[in-house]
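Chemist: The structure under discussion is supplied below as structure tokens; questions concerning it will follow.
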Amino acid sequence: MSVERECIYCGNTKEAAEFSQEHIWPDALGGDYLPGFWQTNDVCQSCNNMSGVFVDGGFIKSFAITGERANDALSYLSPDQPTGVLPLIYLGVVQNVRPAEGEVIDYWVCAPGANVLHIRMEEKEDTWNAYAGGDPRRGSKKSKAGRVILSLTSPEPYWVCTSLRSVLQHFPKAKRFVTNLELPANASKFQELDPFDAQQADDLRIVRELEGLRERGENVHIQVAIDLHADGRFLAKVALAVGYRLFGHDFISTDYAKELRKGFREADPEKRFQLNIHGSGYLRGINLGPVNDQLRWPGGWQLALHLLSDKLALVATAPTGRVMCVQVTDDISLLDRLGSEYRDGVCWVTVPPAQTAAGPLPYPEYIAHMIGAKRAPSLTALEALRGDPSMLPKSGLEEAE
């Protein structure tokens, strides 16, 4: 006898076998290291897949968030062993050097070790034009993952190794080439460009044209398409799942939860604006000035639940200190179930470069730690993983700056 359950994202009743684990806060932003509160098994595979590509994916692969992921990541590298991985920083699509017909060149940087060109198929659907790196579904297929050309900017072995590891993790399915490093005979993850292969010869032409621009003191023209509304669906999804984790199906049946569900599923930002969802997104987020810098966690995302004026809000602080928030619920009958700790706030910190997280802990405890009034043991342990970037091996580029 089959068991049926309701998916919290679509509201449809399906067999249990059609459900899969959903990370409410995405893996790419440290969701894998958060405790069980931030995961749920009450999402069907269809919604899980849709969310991963169009909702979480749209937010993670937006121009601004690729920069957030790299912010302060150097602080978590070991100065003794080049075993770390850095998120790549997306700069945009190269305009004044053209690849073959039907292709585009994405420009990425692995600071401070390399410039990275990703040559991929041009997008035909506007849906993907604001995504850093294009259609994420295409990149998951080896035959369509494109070609990556790595130009190392530092001769220091530490940064060479870090750059290679970082590019390999970011582009696991693409063909990978290095232009200015003699690879050992047993190298298998990267290749040297072969001038006798037609496609690779054209890629070498692209590299030479870009080098020529730099030699002449000319700029590489780059175009970035920014989706100003990638955060809307994402925040609606997170609020919907968090509300369910706190209150169960009693929350899902409320009118506000139904609005959150519509916001999560609605691709048209103009239609989402008509919904009764309260909050402030990433680009329109709260600016607390110097306070932001004091309360942000370098290289990490701080997630907090606050009960304010009979409304429960989720507040997310990015590695740079930018703050975005979304209302979870204002239903008094639900809020009465919450413990008193939510009056002061409950928070978590997840640090993807360190592959770990802390929390839940009282928000006043977090503040006291950050301003130096009282040490929180879990945050002290997390802080111990952060080093001084100035202690890392020199890249050899300092004199040129």
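Plus 73 on top of the position in the sequence shown (first one is 1) and you've got the numbering used here. A virtual CB, placed ideally from N, CA and C, is assigned to each residue, including glycine.
#1: Under 6 Å Cβ to Cβ from G462, same chain only, skipping five residues before and after it: list those, please.
#2: Taking only the alpha-carbon atoms, compute the straight-line gap between A449 and R459 and give it to the nearest angstrom.
#3: Roughly how many angstroms separate the alpha carbons of S151 and L465, rounded to a whole number?
#4: When the Cα of D341 is compared with those of G305, A312, Q375, Q242, which residue comes out closest?
#5: Rounded C-beta distance between D276 and I222? I'm assuming under 8 Å.
#6: Counting pairs of beta carbons, one from the segment 404-419 and one from the segment 81-99, are three or more of them closer than 8 Å?
#7: Given 8 Å as the limit, is there contact between the segment 229-245 and the segment 174-187, that is, 3 or more CB pairs closer than that?
#8: Which whole runs of the alpha helix (DSSP H) in the segment 159-207 are 4 residues long or more, in chain order?
#9: To which residues of the same chain is G84 closer than 8 Å at the C-beta, ignoring the five residues directly before and after it?
#10: Would you check if the segment 135-144 and the segment 112-125 touch, i.e. whether three or more CB-CB distances between them fall below 8 Å?
#11: So what does DSSP say about S95, is it helix, strand or coil?
#12: Whose C-beta lies closer than 7 Å to the C-beta of M74 among residues of the same chain, with five residues either side of it excluded?
#13: With DSSP collapsed to three states, give me the class of E88.
#14: Tell me, please, which residues DSSP counts as bridged to G352.
#15: Pick helix, strand or coil for N259, following the three-state DSSP scheme.
#16: Alpha carbon to alpha carbon, what distance is there between T252 and E284?
#17: I'd like to confirm the pairing. Which residues does DSSP put opposite W421 in its beta bridges?
#18: If I'm right that S227 touches V233 with Cβ under 8 Å, what's the distance once you round it to whole angstroms?
#19: In this structure, does DSSP put D366 in helix, strand or coil?
#20: Could you work out which residue in G104, V76, E77 is closest to A427 when comparing CA atoms only?
#21: In three-state terms, what does DSSP make of G103?
#22: Give me the Cβ distance between G432 and V422, rounded to the nearest whole Å; I'm assuming they're in contact under 8 Å.
#23: Among T390, Q400, H302, which has the Cα closest to the Cα of Y439?
#24: Is N114 helix, strand or coil by DSSP?
#25: So who's on the other strand from F250, going by DSSP bridges?
#26: Name the residue from A258, V280, K262, S261 whose alpha carbon lies nearest to the alpha carbon of P268.
#27: Can you tell me whether DSSP reads R281 as helix, strand or coil?
#28: Whether or not the segment 188-205 and the segment 312-319 are in contact is what I'm after, with contact meaning three or more pairs of Cβ atoms, one per stretch, closer than 8 Å; do they touch?
#29: Determine the extent of the beta strand (DSSP E) in which T429 is found, giving its start and end residues.
#30: Quick one: measure Cβ to Cβ for A309 and G336, integer angstroms, because I've assumed they're closer than 8 Å.
#31: Using a 10 Å radius around the Cβ and a threshold of 16 neighbouring Cβ atoms, would you call E77 buried or exposed?
#32: Ends of the alpha helix (DSSP H) at K335?
#33: Need the endpoints of the beta strand (DSSP E) that E79 sits in, please.
Modeler: By the coordinates alone:
#1: Counting from 1 along the sequence shown, the entry for residue 462 is found at position 389. Note that residue 462 is Pro in the sequence shown here, rather than Gly. Cβ neighbours of P462 beyond the five flanking positions: L147, S148.
#2: Within the sequence shown, the letter at position 376 stands for residue 449. Within the sequence shown, the letter at position 386 stands for residue 459. Distance between the alpha carbons of A449 and R459 is about 16 Å.
#3: By 1-based counting over the sequence shown, the position of residue 151 is 78. By 1-based counting over the sequence shown, the position of residue 465 is 392. Here the alpha carbons of L465 and S151 stand approximately 7 Å from one another.
#4: Taking the first residue of the sequence shown as position 1, residue 341 is located at position 268. Residue G305 is the option with its Cα nearest to D341.
#5: To locate residue 276, count along the sequence shown from 1; it is residue 203. To locate residue 222, count along the sequence shown from 1; it is residue 149. Rounded to whole angstroms, the Cβ separation of D276 and I222 is 6 Å, and the two are in contact under 8 Å.
#6: Between the segment 404-419 and the segment 81-99 there are fewer than three C-beta pairs closer than 8 Å, too few to call the two in contact.
#7: Proximity of the segment 229-245 to the segment 174-187 meets the contact definition, three or more beta-carbon pairs being nearer than 8 Å.
#8: Not a single unbroken stretch of the alpha helix (DSSP H) spanning 4 or more residues falls wholly within the segment 159-207.
#9: For the purposes of this step, residue 84 is taken as residue 11 along the sequence shown, with counting starting at 1. Once the five neighbours on either side are set aside, the close Cβ partners of G84 are I325, R334.
#10: Verdict: no, contact absent.
#11: Within the sequence shown, residue 95 is the residue found at index 22, counting from 1. It is worth fixing the name first, because residue 95 is Glu in this sequence and not Ser. In the structure shown, E95 adopts extended strand secondary structure according to DSSP, grouped into three states.
#12: Counting from 1 along the sequence shown, the entry for residue 74 is found at position 1. Any answer about M74 is weak, because its pLDDT of 48 lies below 50 and its placement is not dependable; what the coordinates show is given next. Beyond the five residues adjoining it in sequence on each side, M74 comes within less than 7 Å, by CB distance, of no other residue in the same chain.
#13: The sequence position of residue 88 within the sequence shown is 15, counting from 1. Annotated three-state conformation of E88 is strand, per DSSP.
#14: Here the question's residue 352 lines up with position 279 in the sequence shown. The secondary-structure analysis by DSSP pairs G352 across a beta bridge with V399.
#15: Here residue 259 is taken as the residue at index 186 of the sequence shown, counted from 1. N259 falls in the coil class under three-state DSSP.
#16: For the purposes of this step, residue 284 is taken as residue 211 along the sequence shown, with counting starting at 1. For the purposes of this step, residue 252 is taken as residue 179 along the sequence shown, with counting starting at 1. E284 and T252 have their C-alpha atoms roughly 11 Å apart.
#17: Your numbering for residue 421 matches position 348 in the sequence shown. Residue pairing of W421 in beta bridges, as defined by DSSP: L376.
#18: Stepping through the sequence shown from its first residue, residue 227 is reached at position 154. Stepping through the sequence shown from its first residue, residue 233 is reached at position 160. Indeed, because the Cβ distance is near 7 Å, the residues count as touching under 8 Å.
#19: In the sequence shown, counting from the first residue as 1, residue 366 sits at position 293. Residue state, collapsed to three classes: helix.
#20: Position 354 of the sequence shown holds residue 427. Among G104, V76, E77, the Cα nearest to that of A427 is on G104.
#21: Along the sequence shown, one-based indexing puts residue 103 at 30. In the structure shown, G103 sits in coil (DSSP, three-state: anything other than H, G, I, E or B).
#22: As a first step, residue 432 must be located in the sequence shown, where it is residue number 359. As a first step, residue 422 must be located in the sequence shown, where it is residue number 349. Rounded, the Cβ-Cβ distance is 6 Å, consistent with contact.
#23: Within the sequence shown, numbered from 1, the residue matching residue 439 stands at position 366. Considering only alpha carbons, the answer is T390.
#24: Indexing the sequence shown from 1 puts residue 114 at position 41. Strand.
#25: Here residue 250 refers to the residue found at position 177 of the sequence shown. Answer by DSSP bridge pairing, in chain order: I222, Q264.
#26: For this step, residue 268 is matched to residue 195 along the sequence shown. For the residues A258, V280, K262, S261, the minimum Cα distance to P268 belongs to V280.
#27: Position 208 of the sequence shown, counting from 1, holds the residue named residue 281. Here R281 sits in helix by DSSP.
#28: With the rule of 3 Cβ pairs closer than 8 Å, the segment 312-319 does not count as touching the segment 188-205.
#29: Reading the sequence shown from its first residue, position 356 is the one you call residue 429. 429-435 is the extent of the beta strand (DSSP E) around T429.
#30: Position 236 of the sequence shown, counted from the first residue, corresponds to residue 309. Position 263 of the sequence shown, counted from the first residue, corresponds to residue 336. That pair is a contact at about 3 Å.
#31: By one-based count along the sequence shown, residue 77 stands at place 4. With fewer than 16 neighbouring CB atoms inside 10 Å of its own CB, E77 falls in the exposed class.
#32: One-based indexing of the sequence shown puts residue 335 at position 262. Its alpha helix (DSSP H) spans residues 328-338.
#33: The sequence position of residue 79 within the sequence shown is 6, counting from 1. Counting along the chain, the beta strand (DSSP E) containing E79 begins and ends at 77-79.
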